[in-house]
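Okay, structure first, notes after.
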Amino acid sequence: MEKYFGIALCSLSSVFSGFTVASPANVTPEQEQQIARVSDLAHQLADELEQKKVLVDALNHLEQQVANLFTANQQLSDRQTALVDAQAKSAAISHLNDEASNDARTSYAVGAWYAENVPEQTQRLASIGKTMDVQAFAQGFNDKINDRMQLPQDTLATALADLNRQLQEATRAKHRKQSQTLLAAAAKEKNAVTLPGGVIYKILDKGKAPAVTDQSDILFEFDERLSTGEVLATRETRSSQVKRLPAPFRDIFKQLGLGGSATIHLPISQAKDMPAAASTTPPEALSIVTIKVIGIK
Numbered sequence: 001m002e003k004y005f006g007i008a009l010c011s012l013s014s015v016f017s018g019f020t021v022a023s024p025a026n027v028t029p030e031q032e033q034q035i036a037r038v039s040d041l042a043h044q045l046a047d048e049l050e051q052k053k054v055l056v057d058a059l060n061h062l063e064q065q066v067a068n069l070f071t072a073n074q075q076l077s078d079r080q081t082a083l084v085d086a087q088a089k090s091a092a093i094s095h096l097n098d099e100a101s102n103d104a105r106t107s108y109a110v111g112a113w114y115a116e117n118v119p120e121q122t123q124r125l126a127s128i129g130k131t132m133d134v135q136a137f138a139q140g141f142n143d144k145i146n147d148r149m150q151l152p153q154d155t156l157a158t159a160l161a162d163l164n165r166q167l168q169e170a171t172r173a174k175h176r177k178q179s180q181t182l183l184a185a186a187a188k189e190k191n192a193v194t195l196p197g198g199v200i201y202k203i204l205d206k207g208k209a210p211a212v213t214d215q216s217d218i219l220f221e222f223d224e225r226l227s228t229g230e231v232l233a234t235r236e237t238r239s240s241q242v243k244r245l246p247a248p249f250r251d252i253f254k255q256l257g258l259g260g261s262a263t264i265h266l267p268i269s270q271a272k273d274m275p276a277a278a279s280t281t282p283p284e285a286l287s288i289v290t291i292k293v294i295g296i297k
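First residue of the sequence shown: 1, per my numbering; consecutive thereafter.
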C-alpha cells in the first residue's frame with residue numbers, strides 16, 4: 001500500500017509544484033490577496049507532498065533494513081544452533097568409557113597414537129630451530145578432517161618441502177659430526193691403518209694357516225653397526241671368492257688366516273663396496289664392521 005501511496009504523492013507533487021494562479025485583469029485588491037493566498041497554499045501543499053514522498057522512501061528503506069536484519073539474525077541463530085550441536089557432540093566424545101562403541105574406542109586410540117608422536121615431531125622441529133605450535137597443529141588436523149582447509153594446497157606443499165629439506169640437512173650435519181668423531185678416534189688407535197679412500201681398519205687377530213689368498217673361497221662372519229648406534233647385523237655369515245671382493249676388503253682379508261679378524265670403519269662413500277649391509281647406511285653416517293674368517297678352501 002505504501003508503494004502505491006508513494007506513487008500518488010509523487011504525481012500530485014509534480015502537479016502542484018508547477019501550479020501558478022493567474023491574476024485576471026480588472027481584479028480588486030482583495031481578490032488579488034485571495035489569489036496570492038491560494039498560490040501560497042498550493043506551494044505549501046506541493047512542499048508537504050514532497051516531504052511525505054521523502055518520508056515514504058525512508059520508510060521503505062527502513063523496512064528493507066529490518067528485513068536484512070531479520071535474515072542476518074536467522075543466520076546467526078542457525079550458526080549458534082550448529083555450534084551447540086557440535087559442542088554437544090564433542091562433549092559426548094570427550095567422555096568415552098567402557099560402554100563406548102568399538103569404533104569409538106578404536107578411533108580414540110588412533111587419536112591418542114597421533115598425539116604420542118607430537119613430542120617426537122616437536123624435537124625434530126627443535127633440531128632446526130623451529131617451535132611446534134600445538135594449537136596450529138590441532139587446527140590443521142581438525143580442518144583437514146572436516147575438509148575446510150584455511151591455507152591453499154600449494155602453500156602447504158611448499159611448507160612441508162622446506163621442512164623436509166631442513167630436516168635432511170640437519171640429519172646429514174649430525175651424522176657427519178658423529179662420523180668425523182669416530183673416524184678421528186679410530187685413526188688414533190694402535191696399529192690402525194688409514195687408506196686413501198678414508199677407510200680405517202685394524203687387524204685384531206691375524207689367525208692361523210692357511211692364509212687367505214686371491215684364489216681362496218672364504219666363509220666369514222661379520223657384525224655391523226652405524227655411527228648413529230643402529231645395529232644392522234650381528235654374527236651374520238657371507239661367503240665369497242676373495243678375488244671377487246672389492247677393494248679394500250680384498251686386501252684386508254689377504255692379511256688374515258683362519259680365525260683372523262679385523263675392524264673396519266667405512267665412510268658412506270665406500271659403503272657401496274661393502275659386501276655386508278652397509279648399503280643401507282644413512283647419508284653422512286659411518287659403518288663400523290667387524291669381520292672374522294671362519295672357513296677357507
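All residues carry an ideal CB built from backbone N, CA and C; glycine is no exception. Because the structure is a prediction, the values reported are computed rather than measured.
- What do you reckon, are the CB atoms on LEU96 and ALA109 nearer than 8 Å? With respect to ALA109, LEU96 sits apart: the two C-beta atoms are not nearer than 8 Å.
- Where LEU128 sits in the DSSP three-state scheme: Checking the sequence shown, residue 128 turns out to be Ile, not Leu. Residue state, collapsed to three classes: coil.
- Identify every run of the alpha helix (DSSP H) within the segment 129–167, keeping only runs that are complete inside it and at least 4 residues long; order them along the chain. 134–145
- Message: Let me make sure I understand the geometry here. Which of ILE291, PRO283, ALA247 has the alpha-carbon closest to that of GLY257?
- Response: Answer by Cα proximity: ILE291.
- Task: Express the C-alpha separation of ILE35 and SER23 in angstroms, rounding to a whole number.
- Result: Per-residue confidence for SER23 stands at a pLDDT of 49, beneath the threshold of 50, marking its modelled position as unreliable; no derived number is given.
- Query: Just checking, does the segment 242–258 make contact with the segment 128–135 on the three C-beta pairs under 8 Å criterion?
  - Reply: no
- With DSSP as the reference, label GLU230 as helix, strand or coil. Look at GLU230 here: in three-state DSSP terms it is coil, with no helix or strand label.
- Message: Measuring only the C-alpha atoms, how far is GLY207 from LYS297?
- Response: 15 Å
- Message: Between which two residues does the beta strand (DSSP E) holding GLY295 run?
- Response: 286–296
- Item | Alpha-carbon spacing of GLN178 relative to ILE218, whole angstroms | 33 Å
- Message: Looking at chain C, is there any beta carbon in it that lies within less than 8 Å of the beta carbon of ALA173?
- Response: Within the model displayed, chain C is absent; a lone protein chain is all it includes.
- Item | Rounded straight-line distance, which links the Cα of LEU69 to that of ASP78 | 14 Å
- Message: Going by the DSSP bridge assignment, what does ILE252 pair with across the sheet?
- Response: Per DSSP, none; premise fails for ILE252.
- Message: Considering just the uninterrupted stretch of the alpha helix (DSSP H) at THR106, what are its terminal residues?
- Response: 102–116
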